[in-house]
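See structure below.
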Amino acid sequence: MDLNLTGEELAFRDELRAWLAANVPTDWNQWRERPLEESFPYLRAWQRKLHEGGWAAVSWPKEYGGRSATLMQQALFWEEMARVDAPPMVNALGLGLIGPTIIACGSESQKKRYIPKILSAEEIWCQGFSEPNAGSDLAGLQTEARLDADHYIVNGQKVWTSYGSFGDWCELVVRTDASVAKHKGLTVLLVDMKSPGVEVRPLRQMTGESEFSELFFRDMRVPAKNTLGKVNDGWNVAMSTLMYERGSYGARLHLIFKRSITRLIELSRTLQRNGRPVAEDPLIRQKLAQCSAEIEIMRFNQMRAFSRITATGVPGPEGSIQKIFWSELNQRLQQIAQELLGCYGQLLAGDPRAIDNGIWSYAYLRTRGNTIEAGTSEVQRNIIGHFVLGLPRSY
Amino acid sequence: MQFGLTESQEFLKNSARKFFAGECPSTEMRRLIETDTAYDATLWSKLTDQGYTGIVFPESYGGVGLGKIELMLLIEEAGRALLPGPFFSTVVLSGAVLDAVGTPEHKKKYLEPICKGEVRSTVAILEAGASWNPRDVQLNAVNGKLTGEKLFVSDAAIADFLIVVARNSVFVVDSKARGLKISPMSGMDLTRKLYVVEFSNTPAEELGPNVNLPRALDITTAALAAELVGGMQRTLDVTVEYAKTRKQFGKPIGMFQAVQHQCADMYLETESSRSAVYYAGWALEENAPDAAAAVSIAKMYCSDAARTVGNRGIQIHGGMGFTWENDLHLYYRRAKASETAFGDATFHRERIASMVIDSGRVSAKGV
Chain A
562 MDLNLTGEEL AFRDELRAWL AANVPTDWNQ WRERPLEESF PYLRAWQRKL
612 HEGGWAAVSW PKEYGGRSAT LMQQALFWEE MARVDAPPMV NALGLGLIGP
662 TIIACGSESQ KKRYIPKILS AEEIWCQGFS EPNAGSDLAG LQTEARLDAD
712 HYIVNGQKVW TSYGSFGDWC ELVVRTDASV AKHKGLTVLL VDMKSPGVEV
762 RPLRQMTGES EFSELFFRDM RVPAKNTLGK VNDGWNVAMS TLMYERGSYG
812 ARLHLIFKRS ITRLIELSRT LQRNGRPVAE DPLIRQKLAQ CSAEIEIMRF
862 NQMRAFSRIT ATGVPGPEGS IQKIFWSELN QRLQQIAQEL LGCYGQLLAG
912 DPRAIDNGIW SYAYLRTRGN TIEAGTSEVQ RNIIGHFVLG LPRSY
Chain B
169 MQFGLTESQE FLKNSARKFF AGECPSTEMR RLIETDTAYD ATLWSKLTDQ
219 GYTGIVFPES YGGVGLGKIE LMLLIEEAGR ALLPGPFFST VVLSGAVLDA
269 VGTPEHKKKY LEPICKGEVR STVAILEAGA SWNPRDVQLN AVNGKLTGEK
319 LFVSDAAIAD FLIVVARNSV FVVDSKARGL KISPMSGMDL TRKLYVVEFS
369 NTPAEELGPN VNLPRALDIT TAALAAELVG GMQRTLDVTV EYAKTRKQFG
419 KPIGMFQAVQ HQCADMYLET ESSRSAVYYA GWALEENAPD AAAAVSIAKM
469 YCSDAARTVG NRGIQIHGGM GFTWENDLHL YYRRAKASET AFGDATFHRE
519 RIASMVIDSG RVSAKGV
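Top to bottom, those sequences are chains A and B.
Residue numbers for the first sequence follow this note's numbering, so the first one is 562 and each next one is one higher.
Residue numbers for the second sequence follow this note's numbering, so the first one is 169 and each next one is one higher.
This is the structure we're talking about:
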């Protein structure tokens with residue numbers, strides 16, 4: 562056990578730090594609060610810049626434009642990005658999930674066709690997985706694809722699609738064989754979102770914004786050569802995509818949470834309660850301390866998980882607790898923020914009296930989604946129960 | 169960066185697990201807790217032969233010279249077996265205090281016999297106020313003599329000498345010293361006996377000023393958290409096993425999500441506790457600037473988690489979990505006693521608060 566950075570890790574971090582110091586935009590604050598439709602070109606340019614510096618996809622193999630970074634280096638990447646408050650990468654799904662899946666499962670011509678434009682943000686990708694009747698039970702999805710000569714005819718509906726209204730391409734999971742067990746009749750198609758028969762509707766969520774879309778497909782034609790992996794092997798292809806969801810990306814959460822708790826501690830020194838700073842209230846002190854401690858433990862868990870994967874090549878038992886830990890912690894963190902801010906906690910962005918321009922009321926609502934998106938807490942506990950502890954399957 | 173055990177650390181942990189399973193199985197543990205002091209000379213000599221009594225102490229005093237992480241691993245395994253008796257009081261607590269506070273002469277005189285397995289000892293800290301803050305200690309020495317009372321002193325009746333924390337200094341009192349009276353307290357934890365220790369003009373040898381005492385207490389606190397991790401792991405293991413075999417409505421109860429999800433939470437709490445303890449061990453070993461914060465994080469989290477894991481384990485065992493015959497309550501009792509020892513979660517949260525709120529210091533080591 563040695564938690565000091567190795568020479569290689571230090572070199573990686575220092576090179577990145579130097580690059581970020583010279584290249585990270587200084588005007589991000591002017592764009593941050595604007596709707597994505599307005600900031601999209603700005604964010605696209607930022608990703609292109611990262612790509613030109615060789616930093617868009619550090620985890621990818623060198624031959625595909627990455628740096629073949631180790632998990633620890635990937636974690637450092639996200640930490641450094643969070644440290645300088647760098648804007649997000651706009652093709653997040655393409656870089657984080659879909660690109661790696663194409664590299665793992667795609668044909669040579671598919672890799673050549675799609676990979677470079679994912680890196681440069683020339684083509685934005687979205688993910689068509691969940692359906693109104695297939696959430697946790699993804700394999701029950703109903704969108705169907707019927708082969709007609711050298712094309713599939715696709716009909717159905719997807720929901721909770723991030724970047725749906727900006728997507729140029731979509732990794733779409735469809736049912737190609739309804740006569741076999743539900744996991745066995747699925748196929749993944751790479752779909753041009755400009756195809757006739759595609760309709761995208763923004764989905765308004767409880768925060769009031771639309772991060773997600775609904776996708777409707779009516780007799781959409783997709784060339785059969787756009788199949789990713791084998792026909793009827795879509796479950797395995799989709800699972801390999803979801804595996805990347807639990808990668809190093811979580812590393813940046815530590816700094817984001819830490820920034821939140823640091824800000825709350827700062828606020829606790831100036832906000833008054835019963836004639837004295839909230840920072841002197843013993844109950845609030847307890848809660849802030851608990852939260853600070855849990856943020857560190859989240860990081861310790863993460864470091865152990867990375868070390869385990871690095872040593873054994875497979876995600877260890879520690880990995881499966883991350884999702885539950887960070888999502889529930891974030892909810893507790895935002896609840897503490899509300900307790901600390903009192904009546905001011907409810908004020909929305911734009912209200913002249915809102916603290917930090919209403920970020921806390923937004924975050925409070927947004928964190929309800931954390932225990933639902935990317936695998937609900939219930940599904941995560943099923944995974945631990947069955948796959949880690951070896952208890953019999955409950956469903 | 170590598171946050172996993174090295175091969176030799178894995179080896180130590182596995183051999184300790186085997187050792188405790190072989191030498192201190194549940195039957196032996198239950199036999200020992202029925203005795204007055206839970207001490208067994210044969211078991212002690214085996215612990216000594218393994219090098220466990222000198223594990224973290226310098227070789228010059230007969231120790232093995234391993235690090236704090238190794239100490240955490242050993243104590244975790246002792247905790248898994250619910251090792252009864254004065255091992256923790258002697259090796260972890262007394263050893264850490266002697267190592268931090270004593271002069272080389274003191275170490276030769278007191279630490280070396282601990283390493284060699286020749287003596288048992290303990291440290292008396294608490295008084296009637298039961299505060300873990302060393303500033304609240306009232307007992308004082310006058311002309312090298314102690315008069316007063318210490319409470320909640322673990323394993324005092326089997327100790328060959330007692331280390332006594334006084335207002336500004338730390339003393340050693342021989343168990344045969346005049347004016348020393350040791351009488352039992354009835355504690356919930358049956359594996360670690362507690363005593364009232366009274367001094368009446370009792371001669372005491374001064375070890376040194378207590379400036380270095382906090383570090384010794386931090387090491388002890390982290391090790392106690394490690395012991396809790398072992399107990400949690402054992403509780404989790406037997407509970408999962410029970411959930412797989414116990415059938416109701418024709419199915420193993422572990423198939424029901426109401427049960428399964430509790431097991432998942434026990435796992436999350438146990439693993440998170442372990443991460444916090446290993447980090448604390450590393451921070452102590454490296455003398456990292458955040459070592460004290462890391463210790464408080466670990467003790468805070470483990471204190472709460474051990475209780476919660478115990479609650480869940482007993483609940484899942486149903487009626488069986490409520491019986492005397494089942495070992496779960498013995499772990500549960502230990503967890504409650506350890507929860508308050510060296511500061512409960514509330515105590516350590518306030519300590520963290522004073523670091524992150526009042527001094528503005530952010531806890532863990534940044535990369």
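Just so it is clear, CB atoms sit at the ideal spot from N, CA and C, and this is done for glycine as well.
With H, G and I counted as helix, E and B as strand and the rest as coil, what does DSSP make of GLU838 of chain A?
The amino acid occupying residue 838 of chain A in the given sequence is Pro; Glu does not appear at that position. In the structure shown, PRO838 of chain A sits in a strand (DSSP, three-state: E or B).
Taking just the CA atoms, how far does LEU733 of chain A sit from LYS848 of chain A?
Rounded to the nearest angstrom, the two C-alpha atoms are 43 Å apart.
Do you know whose CA, among B:SER183, B:GLU245, B:LEU215 and B:ALA189, lies nearest LEU396 of chain B's CA?
Among B:SER183, B:GLU245, B:LEU215 and B:ALA189, the Cα nearest to that of LEU396 of chain B belongs to B:GLU245.
Check whether the Cβ of ILE858 of chain A lies closer than 8 Å to any Cβ atom in chain B.
At least one chain B Cβ lies under 8 Å of ILE858 of chain A.
Taking any Cβ of chain A, which residues in the segment 504-525 of chain B have a Cβ under 9 Å from it, in chain order?
Taking 9 Å as the Cβ-Cβ cut-off against chain A, the residues of the segment 504-525 of chain B that qualify are ALA513, THR514, HIS516, ARG517, GLU518, ARG519, ILE520, ALA521, SER522, MET523, VAL524 and ILE525.
Secondary structure at ILE621 of chain A, three-state DSSP: helix, strand or coil?
The sequence shown places Trp at residue 621 of chain A, not Ile. Coil.
Per the DSSP calculation, ILE714 of chain A is bridged to which residue(s)?
DSSP output for ILE714 of chain A lists A:ARG707 and A:ARG782 as bridge partner(s).
So if DSSP puts GLN416 of chain B in a beta bridge, which residue, or which two residues, is it bridged to?
In the DSSP output, where bridge partners are listed per residue, GLN416 of chain B has B:LYS419.
Quick one: residues in its chain with C-beta nearer than 6 Å to the C-beta of VAL333 of chain B, no 5 flanking neighbours on either side, listed in chain order?
Result list for VAL333 of chain B: ILE293 and VAL305, in chain order.
Is GLU570 of chain A close to chain B, meaning its C-beta is less than 8 Å from at least one C-beta of that chain?
Chain B, which has a Cβ nearer than 8 Å to the Cβ of GLU570 of chain A, makes this yes.
Who are the near neighbours of ALA325 of chain B in its chain, counting only those whose CB is closer than 8 Å to its CB and skipping five residues on each side?
Contacts found: ASP204, THR205, ILE350, PRO352, LYS361 and TYR363.
Taking the alpha carbon of LYS610 of chain A as the reference point, which residue from A:ALA647, A:GLU624 and A:TRP639 has its own alpha carbon closest?
The shortest Cα separation from LYS610 of chain A among A:ALA647, A:GLU624 and A:TRP639 belongs to A:ALA647.
Output the boundary residues of the alpha helix (DSSP H) element that contains ASP342 of chain B.
Not the alpha helix (DSSP H): ASP342 of chain B falls in the beta strand (DSSP E), residues 337-342.
Just the Cα atoms here: how many angstroms apart are ILE659 of chain A and TRP686 of chain A?
About 8 Å.
Along the segment 886-914 of chain A, what residues have a CB closer than 9 Å to any CB found in chain B?
Here the close residues are PHE886.
So the beta strand (DSSP E) TRP686 of chain A belongs to, where does it begin and stop?
Note, TRP686 of chain A: beta strand (DSSP E), 686-689.
In this structure, how does DSSP classify SER368 of chain B when only helix, strand and coil are distinguished?
Strand.
Just confirm the distance between the C-beta atoms of MET169 of chain B and LEU816 of chain A, as a whole number of angstroms; I'd bet it's less than 8 Å.
The pair is not a contact, with the Cβ atoms about 16 Å apart (cut-off 8 Å).
Nearest-angstrom Cα distance between THR407 of chain B and GLY398 of chain B?
Going from the Cα of THR407 of chain B to the Cα of GLY398 of chain B covers about 14 Å.
Using CA coordinates, which residue listed in A:LEU909, A:ALA636, A:GLY614 and A:ALA582 is at the minimum distance from GLY627 of chain A?
When each option's Cα is compared against that of GLY627 of chain A, the closest is A:GLY614.
Which two residues bound the contiguous alpha helix (DSSP H) that contains SER922 of chain A?
Per DSSP, SER922 of chain A belongs to the alpha helix (DSSP H) from 920-927.
Taking the alpha carbon of ALA296 of chain B as the point to measure from, which residue in B:GLU366, B:LEU404, B:SER343 and B:GLN430 has its own alpha carbon closest?
It is B:GLU366 whose Cα lies nearest to the Cα of ALA296 of chain B.
Evaluate the contact criterion for the segment 917-924 of chain A versus the segment 380-391 of chain B: three or more CB pairs, one atom per stretch, below 8 Å.
They do not touch, by the three-pair rule.
Starting from MET650 of chain A, trace the beta strand (DSSP E) in both directions and tell me its first and last residue.
Run containing MET650 of chain A: none; DSSP gives neither H nor E here.
Given a threshold of 16 other Cβ atoms within 10 Å of its Cβ, counted over all protein chains shown, does ASP357 of chain B qualify as buried or as exposed?
Buried, because 16 or more other Cβ atoms sit within 10 Å of the Cβ of ASP357 of chain B.
Can you confirm whether the segment 849-864 of chain A touches the segment 886-906 of chain A when touching is taken to mean that 3 or more C-beta pairs between the two stretches lie within less than 8 Å?
In short, these stretches touch, since the Cβ pair count reaches three.
State buried or exposed for ALA799 of chain A, treating a residue as buried only when at least 16 other CB atoms are found within 10 Å of its CB.
Per the 10 Å Cβ criterion, buried.
Applying a beta-carbon distance threshold of less than 9 Å, which residues of chain B neighbour ASP917 of chain A?
Per Cβ cutoff of 9 Å: no residues; ASP917 of chain A is ~19 Å from chain B at best.
Return the CA-CA distance between GLU454 of chain B and GLY418 of chain B, expressed in angstroms with no decimal places.
Between GLU454 of chain B and GLY418 of chain B, the C-alpha separation is close to 54 Å.
Are the C-beta of MET197 of chain B and some C-beta of chain A separated by less than 8 Å?
No, because no Cβ of chain A sits closer than 8 Å to the Cβ of MET197 of chain B.
Going along chain B, which residues have a C-beta under 8 Å from GLN847 of chain A?
Under the 8 Å cutoff, chain B gives THR514, ARG517, GLU518 and ALA521.
Rounding to the nearest angstrom, what Cα-Cα distance links GLY906 of chain A and LYS819 of chain A in this structure?
Approximately 19 Å between the Cα atoms of the pair.
Can you look up TYR956 of chain A in the DSSP assignment and give me helix, strand or coil?
Note: TYR956 of chain A maps to coil in three-state DSSP.
Should PHE187 of chain B go down as buried or exposed, given a rule of 16 or more other Cβ atoms within 10 Å for buried?
So PHE187 of chain B ends up on the buried side.
For TYR469 of chain B and chain A, any beta-carbon pair shorter than 8 Å?
Chain A, which has a Cβ nearer than 8 Å to the Cβ of TYR469 of chain B, makes this yes.
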